[in-house]
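Participant: Handing you this structure, nothing more for now.
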Amino acid sequence: MRKLKSGIARLIFKPAVLSALLLLGGYLWAADTSAVMCNYRQDAVNRNLKLNSQVEISCKNNERLIMSNGIPEHTTGSFPNKGNPNRISEQKIIRRMPLYPELTGGVSKPVRIPGVAINGVKFEPGTAESYNGERKWNYEALQNVLDLGLDANNAHVQPNGEYHYHSVPFPLLKSADTMSLVGWAADGFPIYAVYGYSDSKNKASEIRRIKSSYRLKSSPDSGRPTEIETGAFVQDYEYIAGSGDLDECNGRFAVTPEFPDGIYHYYITEGYPYISRCVKGKVIDSAFEQPGPQPPGRQGRQTGRRPPPARTLSIDGCAYILALPVL
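Following full-length UniProt numbering, the numbering of the sequence shown begins with 1 at its first residue and continues without gaps.
Dropping the structure here:
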């Protein structure tokens, strides 16, 4: 946690009170990630690609810097293949994110690239495919209508040769009985996959699968192509607050192995949206902010106001800095 100037009041709120404050337009920010993966380097041979996987993660000037050649260290599928005509090639990837991520209350920001895996491969859940090419009904990567050539890692290759994940990157998971930090989000918060603590405030609680709060719509939208099976389109899903463990950006406040006092973090889930389509914090690298699809369901409220001065906030042991507008 950053050192605070004297005279700043320390406030403690229960989650229900916190939610009310956020609905009033409050702001949360300055989680500290500087103790995790700030001097990380990998240079491993990917034997099936006959290429080296190279990634370096460093922290400087309040930023986390991820540099990689985009080659995973794990085995990939065969590319090109029937559903994907592209060959994996080395990239020059440089991504910046806040070291002290800022979470703005009530605002979700759609992004095309919500984050980068710890092996330097990007997460990109959306696809370029749509029904009849009209961009109205967007195909999900994980569906049974189009063969997009995904491998067993839920990944495939873009025309420029960049390998990327559309869902759970299984080789990055440690085991089913522990949480796995698999990447860093565009706004600087950590990304975990599939498993989390059953009690968000207790790191001694049981590890279980974390569920998103999205579901298939009970009835299709007007004009939906009837011959296409339900679940094939992004537009087939909706967000129902409280129906799962996570918010509309597939995130929650909870303790984690790397952050035992708790932190806001994202999950890659086995069900839709798989990888988040939005982030809840401030993004400093425009490469992440290329237009992405709005997550179905409720959207965050845009305030357009400059954040006021900050105070300290502890949420059930999670240390943040709070700023509230003057009412």
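Every residue, glycine too, gets a C-beta built ideally from N, C-alpha and C.
So for Asn202, helix, strand or coil by DSSP?
Facilitator: Coil at Asn202, not helix or strand.
Participant: Excluding the five sequence neighbours on either side, which residues of its own chain have a C-beta within less than 7 Å of the C-beta of Ser89, listed in chain order?
Facilitator: The residues are Gly161.
Participant: Between the C-alpha atoms of Tyr131 and Asn138, what's the straight-line distance to the nearest angstrom?
Facilitator: Using only the alpha carbons, I get a separation of about 7 Å.
Participant: Mind checking whether Ile284 and Met37 have CB atoms under 8 Å apart?
Facilitator: In this structure, Met37 does not lie closer than 8 Å to Ile284 by Cβ.
Participant: Since Tyr237 is in the beta strand (DSSP E), which residue starts that stretch and which ends it?
Facilitator: Taken as a continuous stretch (DSSP letters only), the beta strand (DSSP E) holding Tyr237 covers 237-239.
Participant: Pull up the distance between the alpha-carbon of Gly105 and that of Cys249, whole angstroms please.
Facilitator: Cα to Cα, Gly105 sits roughly 13 Å from Cys249.
Participant: Check whether the Cβ of Val283 sits closer than 7 Å to any heavy atom of the ligand COA, and report yes or no.
Facilitator: This structure lacks the ligand COA; in fact it carries no ligand of any kind.
Participant: Could you check whether the segment 188-204 touches the segment 133-149, counting it as contact only if at least three pairs of C-beta atoms, one from each stretch, sit closer than 8 Å?
Facilitator: No: the two stretches stay apart, fewer than three of their Cβ pairs being nearer than 8 Å.
Participant: Could you please give me the residues that DSSP links to Val45 through a beta bridge?
Facilitator: Partner(s): Asn52.
Participant: Going by DSSP, which residues form a beta bridge with Leu181?
Facilitator: For Leu181, which the question treats as bridged, DSSP gives the partners Tyr192.
Participant: Is it true that the CB of Leu148 sits closer than 8 Å to the CB of Ala141?
Facilitator: For Ala141 and Leu148, yes; Cβs fall inside 8 Å.
Participant: Smallest Cα separation from Ser218: which of Arg277, Gly115, Glu238?
Facilitator: Per the Cα distances, Glu238.
Participant: Where do the ends of the beta strand (DSSP E) carrying Ser68 lie?
Facilitator: 63-68 is the extent of the beta strand (DSSP E) around Ser68.
Participant: Would you identify the three-state DSSP class for Glu258, choosing helix, strand or coil?
Facilitator: DSSP places Glu258 in coil when its eight states are reduced to three.
Participant: For Arg47, is the classification buried or exposed, using 16 other Cβ atoms within 10 angstroms of its Cβ as the cut-off for buried?
Facilitator: Answer is exposed; the Cβ neighbour count stays below 16.
Participant: Just verifying my parser: in three-state terms, what is the DSSP assignment at Thr312?
Facilitator: Confidence is the limiting factor: at Thr312 the pLDDT is only 33, short of 50, which leaves the residue's position unreliable and the question unanswerable from this model.
Participant: When the Cα atoms are used, what is the spatial distance from Gly242 to Leu181?
Facilitator: About 24 Å.
Participant: Determine, using beta carbons only, whether Pro190 and Thr33 come nearer to each other than 8 Å.
Facilitator: The answer is yes: Cβ separation under 8 Å.
Participant: Beta-carbon separation of Ile210 and Leu246 under 8 Å?
Facilitator: A contact, by the Cβ cut-off of 8 Å.
Participant: Taking C-beta to C-beta, are Gly188 and Leu65 nearer than 8 Å?
Facilitator: No, these two residues do not count as a Cβ contact at 8 Å.
Participant: Can you tell me whether Leu146 is helix, strand or coil according to DSSP?
Facilitator: Leu146 falls in the coil class under three-state DSSP.
Participant: Could you tell me the alpha carbon to alpha carbon distance between Gly115 and Ser108, rounded to whole angstroms?
Facilitator: Cα-Cα distance, rounded: 15 Å.
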